[in-house]
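Residue numbers (this note's numbering), protein chains in the order written: chain A, 56 to 387; chain B, 4 to 798; chain C, 1250 to 1540. Taking it in order: structure first as structure tokens, then the write-up.
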Amino acid sequence: MAKIRDMIPAFELLQPTSVEAALNLLDEHRGEAWVLAGGLDSFDWFKDRVKRPSVVVDLGGIAEMHGIREVTNGLEIGAMTTLTEVVRHARIRSEWSVVADAAEHVATPQIRNQGTLGGNVSQDTRCWYYRSGWPCYRAGGNTCYAAAPQAMNREHCIMGRSRCVAVNPSDTAPALIAVDAKMIVESSKGPKVYDAEDFFIGPAIDITRMTVMKERDLLTRIHIPSTWANAEFYYEKVRDRGAWDFQLVSVAAAFQKEGDRITAARIAVNGVAPYPVRVEAAERIVVGTTGDEATAAAAGEAAIEGARALRHNDYKIAMMRNLVRRAVRSVA
Amino acid sequence: MAEKLVGTDIAPPDLHAKITGRARYAEDFRAPGMVFAKLLLSPMPHARVRRVDARRALAMPGVIDILRADEVPSRDGPREACLTDYPRYEGEPILAVAAVDEETAAAAIEAIEIDFEPLPFVIDPLDSLRPGGPNAYVEGNQFSGQDGWSEFRWTAEDFAVIDAGGMPDPSCPVEWTKGDPDAAFAESALVLEETIVHQSLTHHPMEPRSNMAYWEGDRLFAFVSTQSTQQTKFALASALDMDPENITFVAEFCGGGFGSKISGTTVMQVPAIFSKKIGRPVMLRVTRYEENYIGRARPGFQSWLKMGFLPNGKCNAIDLIIVQESGPYGASDYATAGMIADLTYTPQNMRFRAVDMFTNTPPKAAQRGPGGAQIISMMEPILEKAARELGVDRLEMHRLNAPRGDVKFGPRDSTLTSVHAIEALERGAEMFDWPAKVALSGRRDGSRVTGVGIGLSPYTAGSRDRDGLMIIRPDGKLYVHQGIGNLGTHSIADTARPAAELLGLSWDDVVIVWGDSSKGMPRSTVQAGSQTTHAHTRANHAAGMDALQKVREVAAATMGGAPSAYRVDGGRVSGPGGTMTLGRVAERAIQMGGRYDGHVLPEDIHEQTIPAAQMLAGQGLMGVARDNYGGEGNVYSWVAGFALVELDEETGVVALKEYVGITDCGTVIHPRSLGAQVLGGSIQGMGMAMTQRWVFDPKWGVPFANRLYTARPPGMLDVPPDLKWDAVGIADPTTPVGAKGIGEPPVGAGAAALTCAVADAMGGRCLCRTPLTPDIILAELEGRTGVGRLEQHVG
Amino acid sequence: MEFWRRAANPWGQDVLIGVSWDLMWAAVVGAVIFLAGHAIWLRTRPAESHGTPAAAPPGIPERIERHSLAARIFHWTMSASMLVLLVTAFAPVMGWQFPWVTIHWIAGVVLIATVVYHVIHAIGWQDFWSMFQLGVGEGIATLRHVLSPKAPAPPKAGKYPFDHRMYHHVIVVVSLAAIVTGALMMVRIDTPFWTRNPYLFSDSVWGAMYVVHGLAGVSLILLVAAHIYFALRPEKHWMTWSMIRGWIDREHYLEHFDPAKWDVTEAGGGVSGAGGAGALADASPSARRDD
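In structure tokens:
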């Protein structure tokens, strides 16, 4: 079949107004339905004619999935809340600034106005071999073109590979891990709650998915617990240009302190693996210290333990080490 | 009192249309019965179409017809056809399908069964130069009109030197020498040898090259996205082998071309030919994805450079070898690069060798500052490295080597009309506060290191001998007919200003007529090489002078007295016999006929201007003339860019903190537009040097970074908000208005200022490649595995 | 039902990329049907009589060695690796998702090692040709007997009855197909010893390899299921035990085997001269055994 791009094939658009209706539609159209949030990932797929669902379930009309609510133990963010709303939310800015900071690093203002937090964490990888519609493992084929010896894999992973070497592109994912967010995934079988770090899965588990969500699952809410409110946060995203760019490597970190001692830490890095990586080895090194330079250096080295470069991404090992080091250094 | 029009900010006439979305680009036109075409692009970098079965596609409801390669013009040799059965790059159009709507056409393309035979391909030109390497064409890797195809290779010994990191001494199809480089190197106090890789990158104009066409009898109506207009009409006529006067050519707006749409595009033939075949108007909307392939790209360079310097910092010898990645249909950037190296560093002794290698990558074409931008962004850091090693201030180094007015450059000792590069450097140094900034070089703030750099970039900026055509109508307004294109630079309006000023008109009384050949277009330049401002301020000045003379003569004939005694200002002509409005003058001119209203035309105007002038004859007082001002020497403009960056050694990220761009482009016609050109071009160059990239998979020979988000042209957050610019503002003495073009040189200046500043922040270490993305910088700083020294297309 | 998985390669050429996973389900269903069918069929048949036990030649020990310790270790190692390979291959497709690739290729390496060991051991130390007796007449008789209980029972076998030999041959072909293709596929994954290279062969060659590997894999579902089933059947327990304990008792030996065709050894003891090997030299290359 000759290839043609930039022309979205027709599909049936379904616009439920409740989670329950959406789940029913997903059950009803099992195997053929595509879940549409902000559309920034979806429409790229559609216009390339690589993904061609016959039915698209648009979550835009589900009021209960929009907005940020105060709950007893923190905040609950509807998955369809736009990134701009997250960026501007006063309490998120003051108490979980790492989340607002990460959301503000997504792409451009236009994309943040349209893109949702749920979509941002659920989006597919941007590996260009995969996005080009090549029959790679992730696409159900039997080759990883990005890991071939001569492949162009500057953006690909340095750890967590398993046949596929793509990386998770989400800016908010590491921040949500840093604040120990809980992801509420609903299906017709009922809701399930996942720790943010467990929400993302690697190709070793399932090479065709980026998250625990299977067909007919919906991420409906994200709960930000109070546990890490007002911690000391650090977020940094390294990218090739100042806007409209996915990360090369990003780091999000949260530190709790007593006096000048770190009592607890959560550090997550994205852009280095097919999933955002929580670097617990670094966290262990940091706890009990002041985050001094020696600790920061040790944490950086611990973070890259086991990292292995592809042809063009050796730099990421240094970049990851340095970002973790900077995150730790930031609390000293 | 006449309004001062040259040197002031005036809103261009298309401003409202653009900002309100009413501007009609090629794809906004519609015609009754119009159908849509879609292209089937080659999936392989080099192939032969073995079989096409379109029966299933043609049977689909709404599908009109298919257009194949054998139905469009083609020529032997490495020459592009708008459709081909022998694709030489991934994305080359094979065939087109027309249908009632685009979705049907797209579905029909997918329904076509097509079988390709893959052929050997070349992505990196060095592969083809190696003994036993592959060729981009079945027939060979070099072509000459006389001898046809041949294979050209460097020797194993050449590659042994290259692979060992040295500078080879290869034979090259292009070679020139001036002075005695070997003797000069022997006298040099410092000789630097560097290996250079400059990336190839796509143009990515905002508007893809969409176009529409239909026929009424033998008349073709073509709506095209193009930089030029009058010249594109002739290019289209030539491609279709038809009388240009049988084309009504419409190109009102162009959303950027940067050299990729100079005289239209190859693909503009498709709707014209297809609509003739099916008897219905055909619209071909080119998508961003397609634009990435069939749009053009800047050729990449792999290059070896040897530069010799005297103790005071003067460059006394250059030996430059360029291997150009030329795509399947060639490009000539390398030749300009050699000329510009000689012009910018005035070594007096230079050897230049080049080989342009066909490759199976999307076609190459001029991209803003073609050849110059590449070589300047690569050589300036080496000049600064020499300054550092010789202990010479870098500003002084640039000043010392920059050409003076008597410069002779290139193999034929070309000259310039004027050059004020040194003034640009000095003005820039003053605005940038070079002494204070250079003192910050190497300053550390945590992991961030400050670097400063200067890029001096020249480029051609003018041509002569075009025609101007304008009419004062009975409504008293001056209608300036422009054959030049409206490519977003404001030259469409700005080049009319000298004429309006000559006639003492306020800008409100000037109407720019452009974008539609049925309204009359004089012989014009192509909008390339930054010729337009120079060429058409001259041409319109000449036509304005003609109109002024005729106004005076009409006034004198009407009111008595000598024509020379009449003054034209404020929409009136006044003199000893009284005063009359220009509207009245226009009426009188029509009554007087002959040369006054265009029924008799000057004998020296170009034959292409005559039909347009004849079309307008009798509608008012006509100013029509050829640019006979003459002049010697090449017209070049200059930009000196000064950059201050902070390089984060822990991430490899470079943040531009300050930038100043100073131009020598003669008289300033439109300051605001000029500023946009100087800074916009500089930013484009910064993108070329730092963020933008194009990447090919070597196994499959196909490009990635096909989208704007992966190609990464720079955005507003990549530069500080307070970029500064200024102009030397010294008129070129060889042209009546004194203005030269400006589009090209800022690219090299912006790129080079950054490459120099990055090298400075790295303690003088020149990576000598673009783009300087964080990965490359960080890998270098950390001593980690980076890209191969000579690898092309890795981004 | 789909048989193949096809895809457009990066150049848009249609290539095979493997077998359809429908075949996996077909194999599972096929295995269940066969086993259930066999069980029912067996119930409908009259009780099997193996005829009069052969007159015991003198010197037949009480416990007759059937599988040496080395052979048993091989068998169980191979079985474990095969089971691991099947589970790691198919469970993720069936919905049980876990990081399977490393386990799969390590199990594959173990399988290759055991097979290499087995081939060397069988050629060098075992009665190699006893497994490769042709036995056409034996096969026809066995088939007749299976189809009709009234047909005379096939003649008693040597060490390996006809059905065992046939199973072995099929499993050899199928396993070798899986092993050879699997070993080549190892080039496509990173191991501590090399970096992957998916371009060693063209994508169509790789596609064919995946098809062979996949077909072998789904065949092994059937074969392994059948093997386990028969091993668990009560009337075969004595045989199954022999793969654990290494010996069978004299009773089963005489009931199921022809002493003329199988020189026996006392479990844990020396050779017992049953004689007669020479008489079968043409049909049984067991005469060539050299241990």
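Glycine included, every Cβ here is placed at the ideal spot set by N, Cα and C. Quick caveat, the model's predicted, so the values are computed rather than measured.
Any C-beta of chain B under 8 angstroms from that of residue i
i: A/Asp272; result: no
i: A/Val293; result: yes
i: C/Gly1261; result: yes
i: C/Leu1448; result: The question names Leu, but residue 1448 of chain C in the sequence shown is Tyr. Yes, its Cβ sits closer than 8 angstroms to a Cβ of chain B.
i: A/Tyr370; result: yes
i: A/Asp61; result: yes
Secondary structure of residue i, DSSP reduced to three states
i: B/Cys759; result: helix
i: B/Phe256; result: coil
i: B/Asp572; result: strand
i: B/Gln234; result: helix
i: A/Tyr289; result: strand
i: A/Ala309; result: strand
i: A/Gln205; result: coil
i: A/Asn325; result: strand
i: B/Gly482; result: The sequence shown places Tyr at residue 482 of chain B, rather than the Gly named in the question. It is a strand residue.
i: C/Asn1446; result: coil
i: B/Pro96; result: strand
i: B/Ile780; result: helix
i: A/Val161; result: coil
CB contact below 8 angstroms: residue i versus chain A
i: C/Phe1347; result: yes
i: C/Ala1274; result: This sequence places Trp at residue 1274 of chain C; Ala is not what is there. It does not; no Cβ of chain A falls within 8 angstroms.
i: C/Ala1257; result: yes
i: C/Val1350; result: yes
i: B/Leu677; result: no
i: C/Ile1428; result: no
i: C/Trp1226; result: Outside the shown range of chain C (1250 to 1540) lies residue 1226 of chain C, about which nothing can therefore be said.
i: B/Arg59; result: no
i: B/Asp725; result: no
Beta-bridge pairing of residue i - partner residues as DSSP gives them
i: A/Met238; result: A/Tyr249, A/Ile277
i: B/Tyr462; result: B/Ser640
i: A/Ala320; result: A/Phe310
i: B/Gly578; result: B/Gly581
i: B/Asn214; result: B/Val227, B/Leu287
i: B/Pro706; result: B/Phe699
i: B/Lys181; result: B/Met353
Cutoff 8 angstroms: residue i Cβ touching any chain C Cβ
i: B/Val270; result: no
i: B/Val790; result: no
i: B/Trp703; result: yes
i: A/Ser242; result: no
i: A/Pro204; result: yes
Problem set entry | contact_flag[the segment 202 to 214 of chain B, the segment 235 to 244 of chain B] where n(CB pairs < 8 angstroms) is 3 or more | no
Exercise. What beta strand (DSSP E) runs, 3 residues minimum, are completely inside the segment 620 to 704 of chain B?
Worked result: 624 to 629, 639 to 651, 657 to 667, 698 to 700
Exercise. Within the chosen definition, does the segment 624 to 632 of chain B reach the segment 401 to 421 of chain B through at least 3 CB pairs nearer than 8 angstroms?
Worked result: no
For this session: Inspect the CB distances between the segment 329 to 342 of chain A and the segment 727 to 747 of chain B and report whether three or more fall short of 8 angstroms.
Result: no
Exercise. Just checking, does the segment 359 to 379 of chain A make contact with the segment 765 to 785 of chain B on the three C-beta pairs under 8 angstroms criterion?
Worked result: yes
Problem set entry | Segments of 3+ residues assigned as beta strand (DSSP E) that fall wholly inside the segment 376 to 441 of chain B | none
Exercise. For the 8 angstroms Cβ check, are there 3 or more pairs between the segment 525 to 537 of chain B and the segment 474 to 487 of chain B?
Worked result: yes
Exercise. If you pair each beta-carbon of the segment 146 to 165 of chain A with each one of the segment 245 to 256 of chain A, do three or more pairs fall below 8 angstroms?
Worked result: no
For this session: Specify whether the segment 303 to 311 of chain B and the segment 187 to 198 of chain B touch according to this definition: at least 3 beta carbon pairs, one from each stretch, less than 8 angstroms apart.
Result: yes
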